[in-house]
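Peer 1: Numbering (the working numbering), first residue to last: 9 to 249.
Ideal placement from N, C-alpha and C gives every residue a C-beta, glycine not left out.
The structure is given below, and queries will be raised subsequently.
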(Lines of atoms letter the chains of each structure in order from A and count residues from 1; the text may use other names and numbers.)
(Lines give C-alpha, C1' and ligand atoms only; values in the text may rest on other atoms or scores of the structure.)
Protein backbone atom coordinates (compact mmCIF):
# COMPACT_ATOMS: atom_id res chain seq x y z
CA UNK A 1 0.00 0.00 0.00
CA UNK A 2 1.15 3.53 -0.81
CA UNK A 3 0.28 6.94 0.64
CA UNK A 4 0.15 10.44 -0.75
CA UNK A 5 0.35 13.53 1.44
CA UNK A 6 -0.57 16.86 -0.16
CA UNK A 7 1.46 19.56 1.60
CA UNK A 8 2.05 22.27 -1.01
CA UNK A 9 -0.19 25.07 0.26
CA UNK A 10 0.82 28.34 1.89
CA UNK A 11 -1.61 28.17 4.79
CA UNK A 12 -2.68 31.75 4.19
CA UNK A 13 -5.57 31.55 6.66
CA UNK A 14 -3.18 31.06 9.57
CA UNK A 15 -2.85 34.87 9.75
CA UNK A 16 0.93 34.87 9.51
CA UNK A 17 1.39 32.52 12.48
CA UNK A 18 3.27 30.03 10.32
CA UNK A 19 4.93 32.47 7.91
CA UNK A 20 8.35 30.85 8.39
CA UNK A 21 7.10 27.26 8.17
CA UNK A 22 4.71 25.26 6.01
CA UNK A 23 1.75 23.99 8.03
CA UNK A 24 2.92 20.39 7.87
CA UNK A 25 5.86 21.35 10.12
CA UNK A 26 3.79 22.96 12.86
CA UNK A 27 4.26 21.19 16.17
CA UNK A 28 1.47 19.18 17.76
CA UNK A 29 2.81 18.28 21.16
CA UNK A 30 6.38 17.11 20.72
CA UNK A 31 5.86 16.14 17.08
CA UNK A 32 5.24 18.04 13.90
CA UNK A 33 2.10 17.34 11.89
CA UNK A 34 4.01 15.41 9.24
CA UNK A 35 6.00 13.50 11.87
CA UNK A 36 2.71 12.35 13.29
CA UNK A 37 1.28 11.40 9.89
CA UNK A 38 4.39 9.45 8.88
CA UNK A 39 4.44 7.61 12.20
CA UNK A 40 0.78 6.61 11.84
CA UNK A 41 1.37 5.37 8.28
CA UNK A 42 4.44 3.43 9.39
CA UNK A 43 2.39 1.72 12.10
CA UNK A 44 0.41 0.10 9.30
CA UNK A 45 3.62 -0.71 7.41
CA UNK A 46 2.89 1.95 4.76
CA UNK A 47 6.34 3.11 3.70
CA UNK A 48 5.96 3.94 0.01
CA UNK A 49 5.05 7.56 0.66
CA UNK A 50 4.76 10.48 -1.76
CA UNK A 51 4.69 14.05 -0.44
CA UNK A 52 3.69 16.90 -2.73
CA UNK A 53 5.44 20.10 -1.67
CA UNK A 54 5.26 23.71 -2.78
CA UNK A 55 5.51 26.51 -0.22
CA UNK A 56 8.88 26.38 1.57
CA UNK A 57 9.62 23.10 -0.20
CA UNK A 58 13.32 23.12 0.63
CA UNK A 59 12.59 23.33 4.35
CA UNK A 60 10.30 20.31 4.20
CA UNK A 61 12.76 18.29 2.13
CA UNK A 62 15.70 19.13 4.36
CA UNK A 63 13.77 18.19 7.52
CA UNK A 64 13.18 14.69 6.13
CA UNK A 65 16.48 14.18 4.35
CA UNK A 66 17.43 10.53 4.56
CA UNK A 67 13.85 9.32 4.96
CA UNK A 68 12.49 7.05 2.26
CA UNK A 69 10.05 9.64 0.89
CA UNK A 70 9.46 10.67 -2.71
CA UNK A 71 9.01 14.44 -2.89
CA UNK A 72 7.10 15.92 -5.82
CA UNK A 73 7.07 19.69 -6.41
CA UNK A 74 4.04 21.66 -7.53
CA UNK A 75 5.64 24.86 -8.88
CA UNK A 76 2.22 26.50 -9.23
CA UNK A 77 1.17 25.95 -5.61
CA UNK A 78 0.46 29.67 -5.16
CA UNK A 79 -2.21 29.79 -7.88
CA UNK A 80 -3.64 26.26 -7.91
CA UNK A 81 -5.53 23.98 -5.55
CA UNK A 82 -5.22 20.45 -4.21
CA UNK A 83 -6.29 18.66 -7.38
CA UNK A 84 -3.39 20.18 -9.32
CA UNK A 85 -0.93 19.11 -6.63
CA UNK A 86 -2.30 15.59 -6.94
CA UNK A 87 -1.88 15.71 -10.73
CA UNK A 88 1.86 16.25 -10.37
CA UNK A 89 2.18 13.03 -8.35
CA UNK A 90 -0.47 10.76 -9.85
CA UNK A 91 1.85 8.79 -12.13
CA UNK A 92 3.76 7.52 -9.09
CA UNK A 93 0.58 5.92 -7.71
CA UNK A 94 0.25 2.39 -9.04
CA UNK A 95 -1.48 0.45 -6.24
CA UNK A 96 -3.94 0.94 -3.40
CA UNK A 97 -3.12 4.10 -1.45
CA UNK A 98 -4.08 6.34 1.43
CA UNK A 99 -4.84 9.95 0.53
CA UNK A 100 -4.42 12.71 3.08
CA UNK A 101 -3.80 16.41 3.42
CA UNK A 102 -0.62 17.66 5.04
CA UNK A 103 -2.52 19.73 7.60
CA UNK A 104 -4.76 17.03 9.12
CA UNK A 105 -4.22 15.00 12.28
CA UNK A 106 -6.43 12.08 13.26
CA UNK A 107 -6.65 9.16 15.62
CA UNK A 108 -4.91 5.97 14.55
CA UNK A 109 -8.32 4.30 14.53
CA UNK A 110 -9.34 6.37 11.49
CA UNK A 111 -6.66 4.74 9.38
CA UNK A 112 -7.37 1.34 10.92
CA UNK A 113 -11.01 1.57 9.84
CA UNK A 114 -10.09 2.57 6.29
CA UNK A 115 -7.50 -0.15 5.86
CA UNK A 116 -9.64 -2.94 7.33
CA UNK A 117 -12.69 -2.22 5.14
CA UNK A 118 -13.08 -3.36 1.54
CA UNK A 119 -16.71 -2.45 0.99
CA UNK A 120 -16.05 -0.01 -1.89
CA UNK A 121 -13.46 0.95 -4.50
CA UNK A 122 -13.00 4.33 -2.80
CA UNK A 123 -13.55 4.82 0.93
CA UNK A 124 -13.86 8.23 2.56
CA UNK A 125 -13.50 8.81 6.30
CA UNK A 126 -16.71 10.60 7.27
CA UNK A 127 -17.62 12.30 10.53
CA UNK A 128 -21.40 12.28 10.86
CA UNK A 129 -21.98 15.65 12.47
CA UNK A 130 -23.49 19.03 11.75
CA UNK A 131 -21.46 20.87 9.12
CA UNK A 132 -20.63 24.52 8.63
CA UNK A 133 -20.42 26.18 5.23
CA UNK A 134 -16.68 25.50 4.88
CA UNK A 135 -16.96 21.76 5.52
CA UNK A 136 -16.46 19.22 2.73
CA UNK A 137 -19.98 17.85 3.09
CA UNK A 138 -21.30 14.46 2.00
CA UNK A 139 -24.68 13.03 1.10
CA UNK A 140 -25.12 9.29 1.59
CA UNK A 141 -27.72 6.89 0.19
CA UNK A 142 -27.84 3.15 0.90
CA UNK A 143 -24.32 3.14 2.32
CA UNK A 144 -22.78 4.91 -0.68
CA UNK A 145 -21.48 8.44 -1.11
CA UNK A 146 -23.72 10.22 -3.61
CA UNK A 147 -22.31 13.73 -3.33
CA UNK A 148 -19.18 15.29 -1.83
CA UNK A 149 -18.80 19.05 -2.06
CA UNK A 150 -18.43 22.22 -0.03
CA UNK A 151 -21.31 23.75 -1.99
CA UNK A 152 -23.99 21.47 -0.59
CA UNK A 153 -26.49 23.15 1.78
CA UNK A 154 -25.58 22.14 5.31
CA UNK A 155 -29.04 20.77 6.08
CA UNK A 156 -28.68 18.22 3.25
CA UNK A 157 -25.38 16.83 4.53
CA UNK A 158 -25.05 13.64 6.55
CA UNK A 159 -21.58 14.61 7.68
CA UNK A 160 -18.13 15.80 6.68
CA UNK A 161 -15.38 14.12 4.69
CA UNK A 162 -12.27 14.74 6.79
CA UNK A 163 -9.81 14.56 3.89
CA UNK A 164 -8.47 11.07 4.60
CA UNK A 165 -9.39 8.32 2.14
CA UNK A 166 -8.40 4.93 0.75
CA UNK A 167 -8.28 4.59 -3.02
CA UNK A 168 -8.47 0.92 -4.00
CA UNK A 169 -6.62 -0.72 -6.87
CA UNK A 170 -9.62 -0.70 -9.25
CA UNK A 171 -10.12 3.00 -8.67
CA UNK A 172 -6.51 4.13 -9.17
CA UNK A 173 -6.59 4.34 -13.00
CA UNK A 174 -10.12 5.78 -12.92
CA UNK A 175 -9.19 8.63 -10.59
CA UNK A 176 -5.96 9.30 -12.49
CA UNK A 177 -7.81 9.53 -15.80
CA UNK A 178 -10.46 11.85 -14.37
CA UNK A 179 -7.79 14.11 -12.86
CA UNK A 180 -5.95 14.20 -16.19
CA UNK A 181 -9.14 15.25 -17.98
CA UNK A 182 -9.86 17.99 -15.44
CA UNK A 183 -6.36 19.42 -15.74
CA UNK A 184 -6.51 19.26 -19.53
CA UNK A 185 -9.65 21.41 -19.29
CA UNK A 186 -7.54 23.95 -17.32
CA UNK A 187 -9.59 23.77 -14.15
CA UNK A 188 -6.66 24.32 -11.80
CA UNK A 189 -8.58 25.61 -8.79
CA UNK A 190 -10.54 22.49 -7.86
CA UNK A 191 -10.34 20.27 -4.81
CA UNK A 192 -9.49 16.56 -5.11
CA UNK A 193 -13.11 15.83 -4.25
CA UNK A 194 -14.10 17.05 -7.73
CA UNK A 195 -12.51 13.89 -9.13
CA UNK A 196 -14.36 11.75 -6.59
CA UNK A 197 -17.64 13.40 -7.60
CA UNK A 198 -17.04 12.66 -11.28
CA UNK A 199 -16.29 9.04 -10.39
CA UNK A 200 -19.65 8.91 -8.58
CA UNK A 201 -21.56 10.34 -11.50
CA UNK A 202 -19.90 8.93 -14.59
CA UNK A 203 -17.80 5.90 -13.71
CA UNK A 204 -18.56 2.34 -12.67
CA UNK A 205 -16.74 2.93 -9.38
CA UNK A 206 -18.24 2.34 -5.94
CA UNK A 207 -17.68 5.20 -3.49
CA UNK A 208 -18.27 4.25 0.13
CA UNK A 209 -17.31 5.51 3.55
CA UNK A 210 -16.26 4.53 7.03
CA UNK A 211 -17.96 6.26 9.94
CA UNK A 212 -15.35 7.82 12.23
CA UNK A 213 -17.84 9.77 14.33
CA UNK A 214 -16.56 10.29 17.86
CA UNK A 215 -12.93 9.91 16.86
CA UNK A 216 -10.66 12.91 17.17
CA UNK A 217 -9.42 14.66 14.04
CA UNK A 218 -8.65 18.22 13.05
CA UNK A 219 -7.89 19.94 9.77
CA UNK A 220 -5.70 22.93 10.59
CA UNK A 221 -6.77 25.81 8.38
CA UNK A 222 -6.80 28.61 10.96
CA UNK A 223 -5.16 29.48 14.26
CA UNK A 224 -8.30 28.42 16.21
CA UNK A 225 -8.07 25.05 14.43
CA UNK A 226 -4.48 24.79 15.61
CA UNK A 227 -5.37 25.47 19.24
CA UNK A 228 -8.16 22.86 19.02
CA UNK A 229 -5.69 20.36 17.58
CA UNK A 230 -3.20 21.02 20.37
CA UNK A 231 -5.87 20.49 23.01
CA UNK A 232 -7.24 17.37 21.35
CA UNK A 233 -3.82 15.85 20.86
CA UNK A 234 -2.96 16.35 24.50
CA UNK A 235 -6.25 14.98 25.80
CA UNK A 236 -7.01 12.13 23.45
CA UNK A 237 -4.02 10.47 21.85
CA UNK A 238 -0.39 10.49 20.87
CA UNK A 239 1.81 8.35 18.65
CA UNK A 240 5.31 7.13 19.30
CA UNK A 241 7.74 6.68 16.43
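(1) To test your reading of the DSSP string, which unbroken alpha helix (DSSP H) runs of 4 or more residues are found completely within the region 193–238?
(2) How about residue 223 and residue 117: do their beta carbons lie closer than 8 Å?
(3) Taking the alpha carbon of residue 145 as the point to measure from, which residue in 194, 98, 84, 217 has its own alpha carbon closest?
(4) Out of curiosity, what's the CA-to-CA distance linking residue 184 and residue 157?
(5) Once the 5 residues before and after residue 154 are set aside, which same chain residues still bring their CB inside 7 Å of it?
(6) With a threshold of 8 Å, are at least 3 pairs of Cβ atoms found where one atom belongs to the region 162–177 and the other to the region 75–83?
(7) So residue 238 and residue 36 are in contact, right, with Cβ under 8 Å, and what is the actual spacing, rounded?
(8) For the putative contact between residue 172 and residue 112, defined by C-beta atoms under 8 Å, what is the C-beta separation to the nearest angstrom?
(9) Mapping the DSSP letters down to three states, classify residue 76 as helix, strand or coil.
(10) List the whole-angstrom C-beta distance separating residue 103 from residue 177, where the pair is believed to meet the contact cut-off of C-beta under 8 Å.
(11) For the beta strand (DSSP E) holding residue 67, just list the boundary residues, first then last.
(12) Looking at residue 169: is its Cβ nearer than 8 Å to the Cβ of residue 108?
(13) Measure the C-alpha to C-alpha separation of residue 99 and residue 59 and round it to an integer number of angstroms.
(14) Over what stretch of residues does the beta strand (DSSP E) that includes residue 105 continue unbroken?
(15) On the criterion of 16 or more Cβ atoms from any shown chain inside 10 Å, does residue 235 qualify as buried, or is it exposed?
(16) My output table needs one value for residue 166: the three-state DSSP class, helix, strand or coil.
(17) Closest to residue 277 by CA distance: which of 204, 96, 232, 230 is it?
(18) Expressed to the nearest angstrom, what Euclidean distance is found between the alpha-carbon atoms of residue 92 and residue 179?
(19) Would you give the residue range spanned by the beta strand (DSSP E) that residue 154 belongs to?
(20) How should residue 40 be labelled, buried or exposed, when 16 other C-beta atoms within 10 angstroms of its C-beta is the threshold for buried?
Peer 2: The relevant details are as follows:
(1) 201–210
(2) yes
(3) 217
(4) 19 Å
(5) 147, 148, 208
(6) no
(7) 6 Å
(8) 6 Å
(9) coil
(10) 6 Å
(11) No beta strand (DSSP E) contains residue 67, which is instead part of the alpha helix (DSSP H) from 65–71.
(12) no
(13) 13 Å
(14) 105–109
(15) exposed
(16) coil
(17) Any question about residue 277 goes unanswered here, given that the chain covers just 9 to 249.
(18) 18 Å
(19) 152–157
(20) buried
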